[in-house]
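Numbering (my numbering), first residue to last: -11 to 125.
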């Protein structure tokens, strides 16, 4: 009997983990479908990955880039969730809802701008070096 219970618990854990990943995948799909900014970020991310490969940035620099991408995308997901939540709770124009959405938008823009700064700090020196090498200097 104990063995059967143990098997059921393992099966339940597998099902819960599978459901969590399925829910997360659905959430990613919905966020990309609803938030056009994420498509712009995706294009920028692909460009940054290609640039990083071309410039042969270090593993530490890759770590910072990947972390920055994760924070940027994750924060945009949180922003989209908050906007959806306040839209759900407020059926008509409300100044408090506007403030919440404006603050979330400001946080997202600030996060995006800081990501660009991090990108410049990482990519600019090797890019200048690469351009100098290609120019024959």
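Note that beta-carbon positions come from the ideal geometry of N, C-alpha and C, so glycine has one too.
Since residue i and residue j are thought to touch, with beta carbons under 8 Å apart, how far apart are those beta carbons, to the nearest angstrom?
i, j, result
"residue 110", "residue 49", "5 Å"
"residue 43", "residue 122", "Rounded, the Cβ-Cβ distance is 12 Å, inconsistent with contact."
"residue 89", "residue 71", "6 Å"
"residue 19", "residue 65", "5 Å"
"residue 67", "residue 96", "5 Å"
"residue 40", "residue 53", "6 Å"
What residue does the alpha helix (DSSP H) around residue i start on, and which one ends it?
i, result
"residue 127", "The structure shown does not extend to residue 127, since the chain spans only -11 to 125, so no value can be given for it."
Original post:
In chain order, which continuous runs of the beta strand (DSSP E) of length 3 or greater are located wholly inside the region 45 to 88?
Top reply: none
**OP:** Would you check if there are 3 or more beta carbon pairs closer than 8 Å linking the region 57 to 72 to the region 98 to 110?
**Re:** yes
Original post:
Is it true that the region 66 to 86 meets the region 27 to 35, where meeting means three or more beta-carbon pairs spaced less than 8 Å apart?
Top reply: no
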